[in-house]
Amino acid sequence: MSVATKPSEAARDERTVKHPMPWYMPRFWHGMRFSTWARELARNRLAISPSRVPMACAITGFTAFNSALAAADRVFYGRQIDRVEIKKPPLFILGHWRAGTTFLHELLIRDPEHTFFTTYQCFTPHHFVLSERWIVPWIGMFIPERRPMDNMTAGWNRPFEDEFALESLGVPTPYLSIMFPNRGPAYEEYLSLRSLPEEKRRRWKEELLRFCKRLTFRDPRRIVIKTPPHTARVRTLLEMFPDAKFVHISRHPYALYRSTVSLWRALNAEEGLQVPRDESWIGDFVVDSLRRMYDAYFEDRSLLRDDQLVELRYEQLVEDPKSRIRGIYERLGLGDFGRVEPALDSHLHEVKDYRTNRHSLDEETEERIRREWGRYFAEFGYE
């Protein structure tokens, strides 16, 4: 079975730049509290493009609203959430951006004993326990049916990355590079956390743990977590969850590079507070990020037991998804595969007509990728 994805990268880039979402549609920054929002504006000296001022004003109003709701949420639920115990260790999906982590995530959450962070929860991590039930039914119109950056299905109840929740909680992340794209990469030290002072790393762990507790308070099932930067954080995640499970997915490096560069350009155009003018940093950022991500991953995976890690290739997964998921269940001891089969079969039927894109690069870029990412080629069998 061949599964996949999206329209051509070039067409998607052109559509995104020429036809951005309206200023009033939700951006990644709408879930921040006012203090976090003000910090980032001050850090970047209010360098907002004139055409993005209406969007920035709207976000400012929402951040004040979030601050009030976050305080109320803490009053009503804070003590109960602090006492929550996460009894089922999370299942982490690892892999570089565009490696197929979203597809794998969609398959693993079909299990009725698994849960996940929704888009709304990641947008409003500090008050979703209080607000989700009464706000989500009224705001469906304010999110597109498909994500502008890659044409994937969107929705407030769809799975999302917890990295965006950390961002809204005030934890720095490389994803904040998108906010002011003409200023280049931001918070690169938060990719692997390795060079952070211990106090900042401790705060990172506290915020992620509290976010997981908030979901567990609502839903005690095993959380399936997908965020590409976690690939570089296995050591830290093990400190938090010693019995966590991990599934790593790789993809041909040429496809990764081309698609990731397109992703960042699309996100900058849609989400940024600046109209992108200078994006010359993106190619170098993508190359450097994978290298640093996998320097950490290759070192940290030795800390995992055999029943804690499965590695597979995207090309293998799309060829026979059901067999690969069955293998994951057997290797990681996730329980009876039969309980997930009906929902898995249904989802695979829905996506059976998707096809993957072909990616082309010039010879100079291919040579650079092979040179810079040589270990990735060798470790995952792309020689």
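First residue of the sequence shown? That's 9 in the numbering used here, and the numbers climb one at a time after it.
Note that the Cβ used here is the ideal one computed from N, Cα and C, for glycine as well.
On a predicted model such as this, the values are computed, not experimentally measured, just so you know.
At what residues does the alpha helix (DSSP H) containing residue i begin and finish?
{"i": "SER176", "result": "170-176"}
{"i": "PHE385", "result": "382-387"}
{"i": "GLU114", "result": "109-116"}
{"i": "THR132", "result": "Here THR132 belongs to no alpha helix (DSSP H), and DSSP marks it neither H nor E."}
{"i": "GLY39", "result": "Premise fails: GLY39 is in no alpha helix (DSSP H) and is neither H nor E."}
{"i": "ALA194", "result": "Segment: none, ALA194 is in no alpha helix (DSSP H) and carries neither H nor E."}
{"i": "GLU358", "result": "349-358"}
{"i": "ASP296", "result": "289-308"}
{"i": "ILE186", "result": "Here ILE186 belongs to no alpha helix (DSSP H), and DSSP marks it neither H nor E."}
{"i": "LEU340", "result": "329-340"}
Leaving out five residues on either side along the sequence, give the residues of the same chain with a beta carbon under 6 angstroms from the beta carbon of residue i.
{"i": "LYS96", "result": "ARG230"}
{"i": "PHE293", "result": "PRO193"}
{"i": "VAL232", "result": "LEU99, LEU116, ILE117, HIS122, PHE124"}
{"i": "ARG222", "result": "ILE89, VAL137"}
{"i": "ASP227", "result": "THR123"}
{"i": "LYS26", "result": "Its pLDDT being 43, under 50, LYS26 is placed unreliably in this model, and the value from its coordinates should be taken loosely. Nothing meets the Cβ criterion."}
Leaving out five residues before and five after residue i in sequence, what residues of the same chain have Cβ atoms less than 7 angstroms from its Cβ?
{"i": "PRO189", "result": "ASN276, GLY280, GLN282, PRO284, GLU287"}
{"i": "MET40", "result": "THR71, ASN74, SER176"}
{"i": "GLU375", "result": "none"}
{"i": "SER368", "result": "none"}
Taking C-alpha atoms, which residue in the options lies nearest to residue i?
{"i": "VAL92", "options": "PHE168, PHE225, TYR195, PHE124", "result": "PHE225"}
{"i": "GLU387", "options": "ARG309, LYS330, LEU246", "result": "ARG309"}
{"i": "ASP408", "options": "LEU77, ILE377, TYR384, SER43", "result": "No answer is possible for residue 408: it lies beyond the span of the chain, which begins at 9 and ends at 391."}
{"i": "LEU340", "options": "ILE101, GLU247, TYR262", "result": "ILE101"}
{"i": "ARG379", "options": "ALA240, PRO261, ASP81, ASP251", "result": "PRO261"}
{"i": "ASP370", "options": "LYS360, ASP353, PRO329, TYR265", "result": "TYR265"}
{"i": "PRO180", "options": "GLU215, ARG191, PRO167", "result": "GLU215"}
{"i": "CYS130", "options": "ASP170, HIS104, THR110", "result": "ASP170"}
{"i": "SER258", "options": "GLY103, VAL61, MET33, LEU325", "result": "GLY103"}
{"i": "HIS135", "options": "THR110, ILE89, TYR337, ARG313", "result": "ILE89"}
{"i": "LEU138", "options": "ILE94, TYR128, LEU77, ALA107", "result": "LEU77"}
{"i": "ARG241", "options": "TRP212, LYS221, THR268", "result": "TRP212"}
{"i": "PRO167", "options": "LYS234, GLN316, LEU311, LEU342", "result": "LYS234"}
{"i": "TRP45", "options": "ARG243, ALA55, SER59, THR68", "result": "THR68"}
{"i": "THR132", "options": "ARG347, ALA66, PRO120, ASP81", "result": "ASP81"}
{"i": "GLY1", "options": "PRO329, SER57, ASP344", "result": "The structure shown has nothing for residue 1, since the chain only spans 9 to 391."}
{"i": "VAL348", "options": "PRO120, TRP31, TYR32, ILE94", "result": "PRO120"}
{"i": "ARG51", "options": "GLY346, LYS360, TYR195", "result": "TYR195"}
{"i": "CYS220", "options": "LYS360, CYS65, ALA173, MET33", "result": "ALA173"}
{"i": "PRO58", "options": "TRP31, GLU207, ALA79", "result": "TRP31"}
{"i": "LEU356", "options": "GLU327, GLY382, GLY335", "result": "GLU327"}
{"i": "TRP105", "options": "LYS360, LEU317, VAL295", "result": "VAL295"}
{"i": "TRP381", "options": "SER297, HIS38, ALA64, ILE333", "result": "SER297"}
{"i": "ARG313", "options": "ALA351, GLY343, ASP251, ASP344", "result": "ASP251"}
{"i": "ILE94", "options": "VAL269, ARG299, ALA79, MET248", "result": "MET248"}
{"i": "LEU49", "options": "ARG191, ARG243, GLY86", "result": "ARG191"}
{"i": "TYR322", "options": "GLU140, PRO350, HIS256", "result": "HIS256"}
{"i": "ARG184", "options": "ARG47, HIS113, ARG87", "result": "Per the sequence shown, residue 184 should be read as Leu rather than Arg. Measuring from the Cα of LEU184, the nearest candidate turns out to be ARG47."}
{"i": "ARG299", "options": "THR126, THR239, PHE254", "result": "THR239"}
Would you list the residues sitting across from residue i in a DSSP beta bridge?
{"i": "SER258", "result": "ARG321"}
{"i": "PRO167", "result": "THR126"}
{"i": "LYS253", "result": "LEU99"}
Within the continuous beta strand (DSSP E) that includes residue i, where are the two ends?
{"i": "LEU102", "result": "99-102"}
So, for residue i: in the same chain, excluding its five sequence neighbours on each side, which residues have a beta-carbon less than 8 angstroms away from its beta-carbon?
{"i": "ILE186", "result": "PHE36, TRP272, LEU275, ASN276, GLU279, GLY280"}
{"i": "VAL144", "result": "TYR128, TRP164, ASN165"}
{"i": "LEU204", "result": "GLU197, TYR198, TRP212"}
{"i": "GLU391", "result": "PHE385"}
{"i": "ILE377", "result": "PRO261, TYR262, TYR265, VAL295, LEU369"}
{"i": "VAL269", "result": "ILE290, GLY291, VAL294"}
From the beta carbon of residue i, is the nearest beta carbon of chain C less than 9 angstroms away?
{"i": "HIS113", "result": "Structure shown: chain C not included; a single protein chain is present."}
Could you tell me which whole beta strand (DSSP E) segments of length 3 or greater appear in the region 209-250? 230-234
Could you tell me which uninterrupted alpha helix (DSSP H) segments, each at least 4 residues in length, are contained entirely in the region 58-94, listed from first to last along the chain? 61-90
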